[in-house]
Every structure is written in structure tokens, then in C-alpha cells.
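Data first, discussion second: the structure below is written as C-alpha cells.
Number of protein chains: 2
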Amino acid sequence: MSAIKTAGRQAKAVVLLSGGLDSATVLALTSQEFECHALSFNYSQRSLSEINAATQLAKRYAANHQIIKIDGGVMAGSALTDVTIAVPEKMSDGIPVTYVPARNTLFLSHALAVAEVLSSQDIFIGVNAVDYSGYPDCRPEYISAFENMANLATKAGVEGKRLRLHAPLIDKSKAEIIALGTKAGVDYSLTVSCYQANEQGEACGNCDSCQLRRKGFEEAGITDPTRYF
Amino acid sequence: MSAIKTAGRQAKAVVLLSGGLDSATVLALTSQEFECHALSFNYSQRSLSEINAATQLAKRYAANHQIIKIDGGVMAGSALTDVTIAVPEKMSDGIPVTYVPARNTLFLSHALAVAEVLSSQDIFIGVNAVDYSGYPDCRPEYISAFENMANLATKAGVEGKRLRLHAPLIDKSKAEIIALGTKAGVDYSLTVSCYQANEQGEACGNCDSCQLRRKGFEEAGITDPTRYF
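Heads up: the protein sequence lines correspond to chains E and G, in order. Numbering-wise, the first sequence is residues 1 to 229 according to this note's numbering. Numbering-wise, the second sequence is residues 1001 to 1229 according to this note's numbering.
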């Protein structure tokens, strides 16, 4: 990740910030080199405590923070957006019911518009395709296809101000991400990964996301600061 | 355009419906073969009368109609979303100030989520790249790149329920579109193309969009039913 300096000022980056472990790590790393504009989304998800976590993280890294509302119902039919579908407590084969239709595409499309408005050519997303839930929109081939589409979509792209979509964690294990972030000083007690965290940001310890997170801290040999309910 | 029948019922299509001439034509044609779910967007655009037009058109073609709000400010800096930027009254070289950042990408991303929720594999958009304003997200290469990305993004795509993104007007002139729609019985007096139409849906007659529309009717030899203010 090399910084792009513009006339003595730091270049701007748009960073997707869910409030989880991965995006917190990306924000910490990116803020070392860019002026960051963090985007979080309210898409009527089950746990809104992750947005509170994102707000704390944006403050910590002196990033602008924009919380964008996505109209209710658009991303229906997932355990994360429909409280009548239970969050599973063991990892599944295939794509789990926590999959949210077109989630990263919607997030990145908003980021693309915001990047163009801010004259930023760099969007960062904390997806990873190693210790992950099998979501299709976390894979490198998806990231590459989105970047290609984005550069055909916009005035900026057509005029040669090429957009770069960065997924710096894509080939890292959860343990590697935690080690990287810890080295960069990330306070993971501020982050919320749980799909059904309570209002205080306490985690269930059982969902996919909690299991991947817990295993990551164990493998990294770093004390897990997660508060479980 | 061939219909895909599912167990005796019509397959569902998601149709982007701005309320303008092109999307009205697409809805009329698509509704002959699909059960249509029309999407319109409130993105704090200058003229909201096009949404009223879309509502009338959806009723006319017995389509479900969903109006989705896109969070204010995301698509800023265009003459269509910022009333301090004047709508130009002559066609410009290059991409005009009426370009809205990532507009079709945001619209299509919502359509992608809705299509997956509805188990629809067909999204229709009324872009055309002949008599158009030079927007990058109306070109065939963009449409193709979006379709490619979409099939990598979703559970449906990964599971082999391939999404098809149809742009049936993409290589047609405005006159050809009007002739096609007129043959299909479209009542163009219901449509609003003007970038700055008033609340009654009356058009300025001078903006890019009005000029392209007027020229289209002239070339098609069809009486222009547009009400000008």
C-alpha cells in the first residue's frame, strides 16, 4: 500500500468500516498514509452495535465518518436482516443463511459515488477469503470484477483518474490480520464482530463470526479482548 | 427478449423505471413476457415529478412498484442533485454537468439485491448509447462489466442461477425507441424526461434530455405529446 500524495496533502481514501475486526485493521493501516473517509451502513441489520463501534474507531483514527442508510427491505431474507431467521451456531457447508443479498456490491457502489464526489481514487474494503463465511462477495475475483466495472462506470474512470479498489486482507488468515493490527496498535476491544451482539457490544461467542474471531486470537497467541454476554 | 417460464407462472423481472421515455418503453415490452417488479429511486434529484410519472406507468403495466430512497448527499455535485448548478441548455462536448456519480451502479446494485430476494434472474435497464448524454454508465461495455461482477457477487450467481442484465434499447436511436414503444401502445404523455420538470410534469424544452426527446419524436414522425411549461 503506497500513499498517493497530492500537492503536499495526503490523498483521500474511502474506507468501508463495519466496526468489526477486519475493517478496523484496514482503517488503522490506511490512516497511516491517507486522509480517510469512513463509511458505515445501516441496512436494518440485526446488530446495530457495530455502528457504534465504527463511530468509536473513526474517532480513534481521526477519520471523517458517514453513516449511510440503505432503504429497508432491499437486503431481506438473511439471518442478519430478518429476526425470524435464527443465526446459526455452527459453521455450515456452502453459503450460510447469514449471507446478505448483494451487500458488498451495495456498500461498494455507495463508496464509488462518494469517492468520485470527494475526488478520491482509492477505496479500501476489509474482506478476506481465508477464514471467512464463504460469502461470494469476499473473493478476489469479485473484487477484481467490481474494480473493472467501476472504472467503466464513472466520469473519473473515463477521464483517466483510475479507481483502485484495495482489499489488503484478502489473502490473510484471521490470525495474521490480528497480528498485523496488534502491531499497528489496533485496540480490538473497540470492535464488534458478533452477528447478534447486544446493545453494549457484547458478543454471543457462538455464531460463525464469533468462532472465526476467537480462533484467530487463539492462533495469533494474543489475548482475546472480546466481551461475551 | 424471450420469456423464461417457471412452472407455469411467468418469471419475475426487475425493471428500473425512472419515469422517462426509455424506461417506460422497456417496462411496456418487458411486461408482455414477465411479471414485473419496477424500481424507482429518490436520490434527492432536482425533479421528483419523474417519480410520479413512474407510479402512473407502473399502474398502467400492472407492475409492483418500489420507490427506494438513496441517502442524501451520496450522489452530490451534479446539476441534477445540486440546485446551485444550473442545468445547461445546450448539448456539451464530453460528459455534461448533469452526470450523477455512480448513478446506474447504485441503481443496479439495489436491483441486484431485490432480484436475488425475489428469485428473479432478469434485470432490465433502459439505457441507450446512441442519442444519449454521454454518460459512461450507459455504454455496452459498462453493462457487460456490471453483469459479470453481479454473477460473482451473489449466492444466486455462484449457485448457477445466472443473472441476466438486459439493456434492450442500448443500440437504438431515440426515434427507433419511440417507434418501438408507440407500436407497443406506450402512452408517452405519461412520461417525464426533462431534467427540471415542474411538479405538474411539464418540461423546459431546452435541457439535453428535452432536446434528445423532441428530436426523437420529430425523426420518428410521431406527434410529441410532451407538455412544455
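Cβ coordinates follow ideal geometry from the N, Cα and C atoms, glycine included. Everything numeric in this text was worked out from a predicted model, so none of it was measured.
Looking only at its own chain, which residues have a Cβ that is under 6 Å from the Cβ of residue i, when we skip the five neighbours before and after it?
i          : result
G/Val-1192 : Gly-1019, Ser-1049, Glu-1050, Ala-1053, Gly-1201
G/Ala-1003 : Confidence is the limiting factor: at G/Ala-1003 the pLDDT is only 48, short of 50, which leaves the residue's position unreliable, though a coordinate-based value still follows. Only Glu-1033 meet the Cβ criterion.
G/Phe-1229 : Asn-1198, Glu-1202
E/Arg-227  : Glu-202
E/Asn-64   : His-37
E/Glu-147  : Leu-165
E/Gly-72   : Ser-44
E/Arg-60   : none
E/Gly-205  : Tyr-228
E/Val-14   : His-37, Ala-111, Val-114, Ala-115, Ser-120, Ile-123
E/Asp-131  : Ser-173, Lys-174, Leu-212
E/Ile-95   : Gly-134
G/Ala-1062 : none
G/Ile-1125 : Leu-1016, Ala-1167
E/Ala-102  : none
E/Asp-93   : none
Apart from the five residues on each side of it in sequence, which residues of its chain come closer than 7 Å, Cβ to Cβ, to residue i?
i          : result
G/Thr-1006 : Here the model assigns G/Thr-1006 a pLDDT of 47, short of 50, so the residue's position is not dependable and the matter cannot be decided.
G/Leu-982  : Past the boundaries of the shown model lies residue 982 of chain G; chain G is included only from 1001 to 1229, so the question cannot be answered.
G/Asp-1224 : Arg-1214, Phe-1217
E/Glu-159  : none
E/Cys-210  : Ser-193, Cys-194, Ala-203, Cys-204
E/Ala-145  : none
E/Ala-196  : Note that residue 196 of chain E corresponds to Gln in the displayed sequence, not to Ala. Same-chain partners within the cutoff: Arg-46, Ser-47, Val-87, Cys-204, Cys-207.
G/Asn-1151 : Gly-1157, Arg-1162, Leu-1163
E/Ala-184  : Ala-28, Leu-29
Using the beta-carbon of each residue, which ones in chain G are nearer than 8 Å to residue i?
i         : result
E/Met-233 : The question about residue 233 of chain E has no answer here: the residues shown for chain E are numbered 1 through 229.
Please report the Cβ distance between residue i and residue j, rounded to the nearest whole angstrom; I am assuming they are in contact, meaning their Cβ atoms lie under 8 Å.
i          : j          : result
G/Val-1100 : G/Thr-1081 : 6 Å
G/Met-1149 : E/Met-149  : 5 Å
E/Ala-79   : E/Ala-86   : 6 Å
E/Val-117  : E/Leu-169  : Actually they are not in contact, since the Cβ atoms of E/Val-117 and E/Leu-169 sit about 26 Å apart, beyond 8 Å.
G/Val-1070 : G/Leu-1106 : The question names Val, but residue 1070 of chain G in the sequence shown is Ile. 6 Å between Cβ atoms; contact.
G/Lys-1174 : G/Gly-1216 : 3 Å
G/Val-1186 : G/Thr-1030 : About 12 Å; that fails the 8 Å criterion.
G/Glu-1035 : G/Cys-1207 : That belief does not hold up - the Cβ atoms of G/Glu-1035 and G/Cys-1207 are roughly 35 Å apart, past 8 Å.
G/Arg-1046 : G/Val-1083 : 6 Å
List, in order along the chain, the chain E residues whose C-beta lies closer than 9 Å to that of residue i?
i          : result
G/Leu-1106 : Leu-106, Ser-109, His-110, Leu-112, Ala-113
G/Ile-1095 : Lys-155, Val-158, Glu-159
So which residues on chain E does residue i lean against when the C-beta distance must stay under 8 Å?
i          : result
G/Met-1149 : Thr-105, Tyr-142, Ala-145, Phe-146, Asn-148, Met-149
Which chain G residues are close to residue i, counting only those with a beta carbon under 7 Å from its beta carbon?
i         : result
E/Asp-137 : Ala-1153
E/Tyr-231 : This structure cannot speak to residue 231 of chain E, because chain E is shown only from 1 to 229.
Under 7 Å Cβ-Cβ, which residues of chain E neighbour residue i?
i          : result
G/Ala-1102 : Ser-109, Leu-112, Ala-113, Glu-116, Ala-153, Thr-154
Verify the contact flag: residue i, CB atom, against every heavy atom of the ligand SAM, threshold strictly below 7 Å.
i        : result
E/Val-87 : The ligand SAM is not part of the structure shown, which contains no ligands of any sort.
CB-CB under 8 Å to residue i, same chain, minus the five flanking residues each way: which ones, in chain order?
i          : result
E/Tyr-142  : Asn-104, Pro-136
G/Thr-1182 : Tyr-1188, Ala-1220, Ile-1222
G/Asn-1042 : Leu-1048, Ile-1051, Ile-1067, Ile-1068, Lys-1069, Ile-1070
G/Gln-1121 : Ile-1004, Ala-1011, Ala-1115, Ala-1156, Lys-1161, Arg-1162, Leu-1163, Arg-1164
E/Leu-190  : Ala-24, Ala-53, Gln-56, Leu-57, Arg-60
E/Met-1    : Confidence in E/Met-1 is poor, its pLDDT being 46 and thus under 50, which makes the residue's placement unreliable; the coordinate value appears in the next sentence. Leu-29, Thr-30, Glu-33, His-166, Pro-168.
G/Ala-1129 : Cys-1138, Arg-1139, Pro-1140, Ile-1170, Asp-1171
G/Leu-1021 : Lys-1174, Ile-1177, Ile-1178, Gly-1181, Tyr-1188, Thr-1191, Ser-1193, Arg-1213, Gly-1216
Quick test of the definition: if touching needs 3 or more C-beta pairs under 8 Å, does the segment 1165 to 1175 of chain G touch the segment 1104 to 1124 of chain G? yes
Name, going along the chain, the residues of the segment 152 to 176 of chain E whose beta-carbon falls closer than 9 Å to a beta-carbon of chain G. Leu-152, Ala-153, Thr-154, Lys-155, Ala-156, Gly-157, Val-158, Glu-159
To be precise: take each residue of the segment 51 to 77 of chain E, compare its Cβ to all Cβ atoms of chain G, and keep it if any distance is under 7 Å. Which residues remain? Ile-68, Lys-69, Asp-71, Val-74, Met-75, Ala-76, Gly-77
With a threshold of 8 Å, are at least 3 pairs of Cβ atoms found where one atom belongs to the segment 1152 to 1161 of chain G and the other to the segment 130 to 144 of chain E? yes
Could you list the residues in the segment 11 to 35 of chain E with a C-beta less than 8 Å from some C-beta on chain G, going in chain order? none
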